[in-house]
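Heads up: the sequence shown at position 198 corresponds to 760 in the numbering used here, and the numbers run straight through without jumps.
Below: the structure, in structure tokens.
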Amino acid sequence: MATFLFDEIIFGPVISRRLGVSLGINLLPVDSKVCSFDCIYCECGRNPRNKKTGSRLPRREEVRNRLEEVLKELGSKNRTPDVITFAGNGEPTLHPQFPAIIDDTLELRNGYAPKARIAVLSNATMLHRPAVFEALLKVDDNIQKLDSAIEDTIRAMDCPAPGFQLHKTVGQLQKFEGKVTIQTMFIQAEFQGKSIDNTTSSEIEAWIGLLKEIKPAVVMIYTIARDTPIESIKKIPASQLNEIAKKVKAAGFEVQVSG
Ligand code: SF4
């Protein structure tokens, strides 16, 4: 199915089903995906087998200059976004200047769009880097992925790069001491001869168990909304997401559902 890449450093504003009117920041190349996961549901497609020649990450100065231009322009049209979101063609925290770019973004937000929140959508694989961890503590919405409490399911759904260990990720998420939102994508799929389903009772029970260890401020649950690279992926009906949400609420968490 057709997936897509963001062809700019700053994109939008777009209406995000989870965040509102969102101005996006893409810290990855504009012509290639770069991620430490290779999720089978990724809207940017699967990771390229070979690195594209000429692809490069935007420099800190480019991001800052372009963001300032766009915020000025939107402000002059009274179209200031609700949120400035780090997302784009892969994992934003892989950018070596991510912490400095967060500082620039906070400064520009405070100057041009003081009411806008700053959100980072991340897969939690770079939390071992102290500067990344500290930068994430500075943003309004620190949104980290945890698709399952069962490592085999994460390996099947998210296809992490070598070195991934769920218990380490959970330990790092706990260190946020609640200043974190957990995002979980729910799907059912057949992939490479395996059935994948992170909505079963045993999956949900184990995942809520991990939420209790991590103690996030908010839990975001959602399912696929656009084309995915693997055709067999099934969207989870809203009624089923709402049932999962009830269990999350009963465990004492604030929950947001995007069907
Ligand atoms: S973590 Fe995000 S960007 Fe990376 S493969 Fe998964 S969905 Fe795509």
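C-beta: ideal position from N, C-alpha, C; glycine also.
Note that the coordinates shown come from a computational prediction; the quantities given were computed from them, not determined experimentally.
Residue i classed as buried or exposed, judged by whether at least 16 other C-beta atoms fall within 10 angstroms
i	result
Asn-651	buried
Glu-653	buried
Thr-647	buried
Leu-636	buried
Gly-755	exposed
Phe-566	exposed
Asp-702	exposed
Leu-699	exposed
His-657	buried
Arg-580	buried
Lys-707	buried
Gln-734	buried
Ala-649	buried
Asp-569	exposed
Asn-685	buried
Asn-704	buried
Asn-588	buried
Thr-731	buried
Ala-787	exposed
Gly-574	buried
Thr-762	exposed
Pro-724	exposed
Ile-783	buried
Identified DSSP bridge partners for residue i
i	result
Glu-681	The sequence given here places Ala at residue 681; Glu does not occur at that position. DSSP, once it has assigned bridges, lists Thr-647, Asp-703 as partnering Ala-681.
Ala-751	Ile-758
Phe-784	Looking at the sequence provided, one finds Tyr at residue 784 rather than Phe. Paired residue(s): Met-747, Ser-820.
Gly-652	Val-596
Lys-797	Ile-749
Limits of the alpha helix (DSSP H) - the one that residue i falls within
i	result
Leu-803	800 to 812
Ala-718	713 to 720
Gly-733	728 to 736
Lys-634	622 to 638
Ser-764	763 to 776
Glu-605	First-last for Glu-605: undefined, no H or E at that position.
Ala-779	Note, Ala-779: premise wrong, no alpha helix (DSSP H); not H, not E.
Leu-670	660 to 674
Residue interval of the beta strand (DSSP E) (run including residue i)
i	result
Gly-586	582 to 588
Ser-617	Note, Ser-617: premise wrong, no beta strand (DSSP E); not H, not E.
Gly-574	572 to 578
Supposed contact pair residue j and residue i - C-beta distance, whole angstroms, cut 8 Å
i	j	result
Lys-595	Asn-612	About 12 Å; that fails the 8 Å criterion.
Ala-751	Ile-744	That pair is no contact at about 21 Å.
Ile-572	Leu-629	6 Å
Ala-779	Ala-711	Rounded, the Cβ-Cβ distance is 19 Å, inconsistent with contact.
Ile-798	Ile-749	7 Å
Arg-691	Ile-680	Contact flag wrong, Cβ pair sits at about 19 Å.
Ala-678	Val-632	Ala-678 to Val-632, Cβ: 12 Å. No contact.
Ala-800	Gly-821	4 Å
Pro-661	Glu-696	7 Å
Phe-738	Leu-773	Rounded, the Cβ-Cβ distance is 13 Å, inconsistent with contact.
Val-694	Thr-655	5 Å
Pro-643	Leu-728	Going by Cβ atoms, the distance from Pro-643 to Leu-728 rounds to 34 Å, so no, they are not a contact pair.
Glu-775	Gln-736	6 Å
Chain C contact for residue i (CB, 8 Å cutoff)
i	result
Phe-599	In summary, chain C is missing from the structure at hand, where a single protein chain is found.
Three or more C-beta pairs below 8 Å linking the region 710 to 723 and the region 782 to 795: Taking 8 Å as the limit for Cβ pairs, the verdict is that the region 782 to 795 does not touch the region 710 to 723.
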